[in-house]
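Enquirer: Chains as they are written, first to last, in our numbering: chain A, 8 to 125; chain B, 8 to 125. Glycine is no exception: its CB is placed at the ideal position from the N, C-alpha and C atoms.
2 protein chains.
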Amino acid sequence: MTVQDIANDLVALCKAGEFDTAGEKYWADEVVSIEAMPGDMARVEGKDAARAKGEWWAGAHEVHSSTVEGPYVNGDQFVVRFTMDLTQKASGQRMTMDEVGLYTVRDGKIVEERFFYA
Amino acid sequence: MTVQDIANDLVALCKAGEFDTAGEKYWADEVVSIEAMPGDMARVEGKDAARAKGEWWAGAHEVHSSTVEGPYVNGDQFVVRFTMDLTQKASGQRMTMDEVGLYTVRDGKIVEERFFYA
Numbered sequence: 008m009t010v011q012d013i014a015n016d017l018v019a020l021c022k023a024g025e026f027d028t029a030g031e032k033y034w035a036d037e038v039v040s041i042e043a044m045p046g047d048m049a050r051v052e053g054k055d056a057a058r059a060k061g062e063w064w065a066g067a068h069e070v071h072s073s074t075v076e077g078p079y080v081n082g083d084q085f086v087v088r089f090t091m092d093l094t095q096k097a098s099g100q101r102m103t104m105d106e107v108g109l110y111t112v113r114d115g116k117i118v119e120e121r122f123f124y125a
Numbered sequence: 008m009t010v011q012d013i014a015n016d017l018v019a020l021c022k023a024g025e026f027d028t029a030g031e032k033y034w035a036d037e038v039v040s041i042e043a044m045p046g047d048m049a050r051v052e053g054k055d056a057a058r059a060k061g062e063w064w065a066g067a068h069e070v071h072s073s074t075v076e077g078p079y080v081n082g083d084q085f086v087v088r089f090t091m092d093l094t095q096k097a098s099g100q101r102m103t104m105d106e107v108g109l110y111t112v113r114d115g116k117i118v119e120e121r122f123f124y125a
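(1) CB B:Phe85 to CB B:Val107, shorter than 8 Å?
(2) Measuring alpha carbon to alpha carbon, tell me which of B:His71, B:Pro45, B:Val39, B:Glu25 ends up nearest B:Lys116.
(3) Could you compute how far the alpha carbon of A:Ser73 sits from the alpha carbon of A:Met91?
(4) In angstroms, rounded to a whole number, what distance separates the CA positions of A:Met104 and A:Leu93?
(5) If you reduce the DSSP assignment to three classes, tell me which class A:Lys22 lands in.
(6) Is the separation between the beta-carbon of A:Cys21 and that of A:Val80 shorter than 8 Å?
(7) Would you mind telling me which residues of chain B sit closer than 8 Å to A:Glu106, beta carbon to beta carbon, in chain order?
(8) So, is the C-beta of B:Val39 closer than 8 Å to a C-beta in chain A?
(9) A:Asp55: which of A:Val70, A:Glu31, A:Arg88 sits nearest, CA to CA?
(10) State the start and end residues of the unbroken alpha helix (DSSP H) segment that holds B:Asp55.
(11) When DSSP labels each residue in this structure, what does B:Gly30 get in the three-state scheme?
(12) Could you run through the region 65-94 of chain B and flag, in chain order, every residue whose CB is less than 9 Å away from some CB of chain A?
(13) Just checking: is the beta-carbon of B:Leu17 within a distance shorter than 8 Å of some beta-carbon in chain A?
(14) Can you tell me whether A:Gln100 is helix, strand or coil according to DSSP?
(15) With 8 Å as the threshold, decide whether the Cβ of A:Arg121 is near any Cβ in chain B.
(16) Look at the alpha carbon of B:Pro78 and the alpha carbon of B:Asp16, and state the distance between them as a whole number of angstroms.
(17) Below 8 Å between beta carbons: does that hold for B:Glu62 and B:Val118?
(18) What residues from chain A crowd round B:Ala43, counting only those whose CB sits closer than 8 Å?
(19) Comparing the C-beta of B:Ala125 with each C-beta of chain A, is any distance below 8 Å?
(20) Where do the N-terminal and C-terminal ends of the beta strand (DSSP E) with A:Met91 fall, by residue?
(21) Report the partner residues of B:Glu106 according to the DSSP bridge assignment.
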């Protein structure tokens with residue numbers, strides 16, 4: 008699969024709400040996942056840690072609706088935009104999350120995902 | 008200025024159509040500008056070459072309307088989305104361009120800009 012193929016499939020899975028499936032299918036074992044925030048979630052390494060972060064996130068938020076735009080491709084990287092209407096369960100606060108993910112592919116797997124916030 | 012400040016100002020300038028001003032103000036002398044296409048424009052180095060590329064682009068296209076979204080920030084990088092309704096002057100073809108730029112900042116200047124296409 009080309010980077011474009013992987014990017015297209017990841018976007019299709021995310022549009023279908025299959026975020027977990029996208030990760031399982033394309034994360035490299037040594038994937039590094041980087042958030043633009045301080046704390047434990049700023050940088051996690053390895054597929055298990057990325058999966059755990061996703062599970063934590065899914066448990067901590069209720070997603071009312073979401074849009075997924077892209078992919079935008081250049082070489083071995085691609086960008087996807089995610090917009091979500093969600094409620095943080097702990098605070099009860101409803102908000103719109105607007106972020107982009109920058110994905111780097113090597114040997115058909117995502118070796119880095121880096122998230123940027125509006 | 009923080010990376011967030013620079014990103015905010017660049018977006019404000021681009022929303023006002025001041026793309027040239029944004030480049031002059033924030034490109035480092037050694038800026039590298041990377042497009043997701045083959046050919047002479049794939050990678051240009053230096054502020055003079057980046058300016059020349061911008062002038063070529065502006066001369067080759069008529070922009071009917073544009074939207075600029077972002078910035079999305081993480082550390083020393085930020086992402087901006089550009090959507091443009093334009094006509095390629097050479098072909099007369101009217102099209103929608105949807106792309107994102109990934110900017111890397113060092114010492115208050117943009118040292119790399121990398122464009123991704125939908």
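Expert: In short:
(1) no
(2) B:Val39
(3) 4 Å
(4) Straight-line spacing of the CA atoms in A:Met104 and A:Leu93 works out to 7 Å.
(5) Helix.
(6) no
(7) Tyr79
(8) no
(9) A:Glu31
(10) 54-67
(11) helix
(12) Glu76, Gly77, Pro78, Tyr79, Val80, Asn81, Gly82, Gln84, Phe85, Val86, Arg88
(13) no
(14) Here DSSP, grouped into helix, strand and coil, assigns A:Gln100 to coil.
(15) yes
(16) 9 Å
(17) no
(18) Val80, Asn81, Gly82
(19) yes
(20) 84-95
(21) B:Phe89, B:Tyr124
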